[in-house]
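Okay, so here's the structure we're looking at.
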C-alpha cells in the first residue's frame, strides 16, 4: 500500500481495514470538493454513498473495507475516518 494512502487513515482504523478486508464499514471520505464524479467513483468502487456532507466536503459511505481502501487511492480523497455518532454540546441548566 502506498505511503500516501496510509497517511489518509487513523492508524487503528487502517489496521482494522487491513485485517478485515471483507468487513462491512461506514466511513467519512473527506474530499477536495463535492464533485458528482466523486460520488460516481465511490459507487464504482462498490460503496454506497449515504449522503454528501457539504459543511465538511465529504461523503458518508458504507461498504466493504477493501472497497474503501481502493477508493482511498483517489487523489481527491484527502482523508478517511470511521463514521461515528455526532453529539452536540449540552449546557447544564443553572439552578
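In my numbering, the protein residues as written are 173 to 267.
C-beta: ideal position from N, C-alpha, C; glycine also.
All figures in this text were calculated on a predicted structure; none of them were measured in a lab.
Could you tell me the distance, in whole angstroms, from the CA atom of residue i to the CA atom of residue j?
i	j	result
residue 248	residue 205	8 Å
residue 237	residue 203	18 Å
residue 183	residue 193	15 Å
residue 234	residue 199	6 Å
residue 229	residue 246	15 Å
residue 217	residue 243	6 Å
residue 251	residue 178	10 Å
Which of the three DSSP states, helix, strand or coil, is assigned to residue i?
i	result
residue 258	coil
residue 208	helix
residue 217	coil
residue 231	strand
residue 196	strand
Let's test the definition: count the other Cβ atoms within 10 Å of the Cβ of residue i and tell me whether it reaches 16, buried, or not, exposed.
i	result
residue 195	exposed
residue 201	buried
Should residue i and residue j be called a contact, given that it needs their Cβ atoms to be closer than 8 Å?
i	j	result
residue 219	residue 240	yes
residue 211	residue 189	no
residue 185	residue 257	no
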